[in-house]
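One structure below.
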Amino acid sequence: MEWSVTAVGVLVVAVALRDIFHTLWHPSGRGSVSARVMQAVWRVGRRRRGRSAGGVLTGPVALSLVILVWVTLLVAGGALVYAPHLPEGFVFQSGIDVSARNDALDAVYLSAVSLATLGFGDVVPDSGWLRIAVPVQALIGFGLLTASVTWVLQVYPALIRRRATAVRLAMLRSVPPEELLHDPDSALAAPLLESLAAELAQARVDLTQYTETFYFRDRDEDAALPATVVVAAGFAVTGRAAPRRDVRVAAGLLQTALDDLARVLDEQFLHVRGSTDEVLAAYAEAHHHVPQD
Numbered sequence: 002m003e004w005s006v007t008a009v010g011v012l013v014v015a016v017a018l019r020d021i022f023h024t025l026w027h028p029s030g031r032g033s034v035s036a037r038v039m040q041a042v043w044r045v046g047r048r049r050r051g052r053s054a055g056g057v058l059t060g061p062v063a064l065s066l067v068i069l070v071w072v073t074l075l076v077a078g079g080a081l082v083y084a085p086h087l088p089e090g091f092v093f094q095s096g097i098d099v100s101a102r103n104d105a106l107d108a109v110y111l112s113a114v115s116l117a118t119l120g121f122g123d124v125v126p127d128s129g130w131l132r133i134a135v136p137v138q139a140l141i142g143f144g145l146l147t148a149s150v151t152w153v154l155q156v157y158p159a160l161i162r163r164r165a166t167a168v169r170l171a172m173l174r175s176v177p178p179e180e181l182l183h184d185p186d187s188a189l190a191a192p193l194l195e196s197l198a199a200e201l202a203q204a205r206v207d208l209t210q211y212t213e214t215f216y217f218r219d220r221d222e223d224a225a226l227p228a229t230v231v232v233a234a235g236f237a238v239t240g241r242a243a244p245r246r247d248v249r250v251a252a253g254l255l256q257t258a259l260d261d262l263a264r265v266l267d268e269q270f271l272h273v274r275g276s277t278d279e280v281l282a283a284y285a286e287a288h289h290h291v292p293q294d
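Numbered by our numbering, the letters in the sequence shown go through residues 2 to 294 in order.
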């Protein structure tokens, strides 16, 4: 019975480590636990009407909650590993009445301080394998702390790039597409469309690499890609009818970038199974925005 409880604890730790690996280190990977947590927070946030502060905080809350779930799983798993071997497998500080202590609470305490790398002196492992398990858990805790900080630092640059693209598209709303793209003497049209295609391709890569960025909402519509991406769609349609061949080619690149972005959004998050325009409209609606063309 004791070893079966320990085995369950090892399994819980393994589930947490697998999810951490697939979320943080696997390219384009999504941990099953973290994905479900973020989806649950997202659904709760969508119930908030309009673009309230609660909805805007969905992304940061989801990120924090995922890390909290990982910590909880690791602490719980470690406690299950230690609990069956308390107090026999550990040495307690002199003066502590072992008979008056709660083994379950001691196991949680031991697991928590080990994971947090805080160190302890009132109880130390005595059995051979426990003397290995405790420092291994401390290494896992240190790795999780480092990885979590790195995760946050990687997510926000991706959000900055997405917002910069959105602001640029918002600025282009004041430019009539026909006047720019159908001017046979314009030297700006093709480079503009090509640069927009490159920025949307970057947004697609960021969304694939950091799937959690989908759950971050922007209250300002001019800085929200879901609200402004329709501007790029309008330029792509207009550009394909331009008199200059280079503009038509650049417009085709832009349309391809839009189609690819819509495909990733639909496959991973929205599940509309519709056209690019339908997916982009659903993208805007999911983020509480009306497409601004």
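Think of the CB as a built atom: it goes at the ideal place given N, C-alpha and C, for glycine as much as any other residue.
Since the model is a prediction, treat every value here as computed from it, not as a measurement.
DSSP state of residue i mapped onto helix, strand, coil
i    : result
P177 : coil
V126 : Residue identity check: residue 126 is Pro in the sequence provided, not Val. In the structure shown, P126 sits in a strand (DSSP, three-state: E or B).
V6   : helix
E279 : helix
V291 : coil
G91  : The residue you asked about is not Gly; residue 91 is Phe in the sequence shown. F91: strand per DSSP, three-state reduction.
H86  : helix
L119 : coil
R102 : coil
F22  : helix
T14  : The amino acid occupying residue 14 in the given sequence is Val; Thr does not appear at that position. Looking at V14 - three-state DSSP - the assignment turns out to be helix.
S187 : coil
I97  : coil
F143 : helix
A243 : coil
Whole-number beta carbon distance between residue j and residue i, since they are thought to touch under 8 Å
i    : j    : result
S128 : Y83  : Incorrect: roughly 10 Å between the Cβ atoms, too far for contact.
V13  : G60  : Not quite, the Cβ-Cβ distance comes to about 27 Å (not below 8 Å), so this is no contact.
L146 : T239 : Wrong, their Cβ atoms sit about 50 Å apart, outside the cutoff.
V76  : V109 : 7 Å
Buried or exposed by the 16-neighbour rule on C-beta atoms within 10 Å, applied to residue i
i    : result
H272 : exposed
H27  : exposed
D20  : buried
Q256 : buried
F68  : Note that residue 68 is Ile in the sequence shown, not Phe. Burial call: buried.
G144 : exposed
Residue i, enclosing alpha helix (DSSP H) - first and last residue
i    : result
L254 : R246 to L266
V206 : A190 to Q210
L226 : L226 to G240
Q40  : S33 to R47
Chain D within 8 Å of residue i, Cβ atoms only
i   : result
V92 : No chain D appears in this structure, which consists of one protein chain only.
Assess, as a yes-or-no matter, whether the stretch 185 to 199 is touched by the stretch 130 to 145 under the definition of 3 or more beta carbon pairs within less than 8 Å.
-> Because the criterion of three Cβ pairs below 8 Å is not met, the stretch 130 to 145 and the stretch 185 to 199 do not touch.
May I ask you to verify whether the stretch 198 to 212 touches the stretch 263 to 282, counting CB pairs closer than 8 Å and requiring at least 3?
-> Contact between the stretch 198 to 212 and the stretch 263 to 282 is present, because at least three Cβ pairs lie under 8 Å.
Pair every Cβ in the stretch 209 to 217 with every Cβ in the stretch 244 to 251, then say whether three or more of these pairs are closer than 8 Å.
-> Judged by Cβ distances under 8 Å, the stretch 209 to 217 makes no contact with the stretch 244 to 251, as fewer than three pairs qualify.
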